[in-house]
Structure formats: C-alpha cells, structure tokens
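J.: In the numbering used here, the protein residues as written are 36 to 89.
No residue lacks a Cβ here, since even glycine has one placed at the ideal position from N, Cα and C.
Note that the coordinates shown come from a computational prediction; the quantities given were computed from them, not determined experimentally.
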C-alpha cells in the first residue's frame, strides 16, 4: 500500500463529498461521476452522501 493510501486509512473511514474533494483536490462533478461509474463507494445518510473507504 502506498504512503498516501496508508495515511488515508489511518485518518478516515468515511468522508463527506466536500471533505473528499478538498483532500484530493478534485471537483464535486468528478466525484459524482466516479460514484456513478462504481469507482467510489458512497452511501446516503439522510440527505448527505458519504464516501466510504475500507
């Protein structure tokens, strides 16, 4: 596992869309596209979309 991936595992197991975008420096549209393509795993908690990491 690469250094950045290990750091992610240690810090978070789930992110809001905003947190994920800020951490990785990508836009919200890109995140939603990746979720739609199945490259990111997301769950809804109420109205919020949470990106999960295992």
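1) Considering just the uninterrupted stretch of the alpha helix (DSSP H) at residue 79, what are its terminal residues?
2) Could you check if residue 61 is buried or exposed, using at least 16 other CB atoms within 10 Å of its CB as the buried criterion?
3) Taking its Cβ as the centre, do 16 or more other Cβ atoms sit within 10 Å of residue 80, making it buried, or is it exposed?
T.: Result, derived from the coordinates:
1) Run containing residue 79: none in the alpha helix (DSSP H); it sits in the beta strand (DSSP E), 76 to 80.
2) The residue is exposed, with fewer than 16 neighbouring Cβ atoms inside 10 Å.
3) Residue environment for residue 80: exposed (fewer than 16 other C-beta atoms within 10 angstroms of its C-beta).
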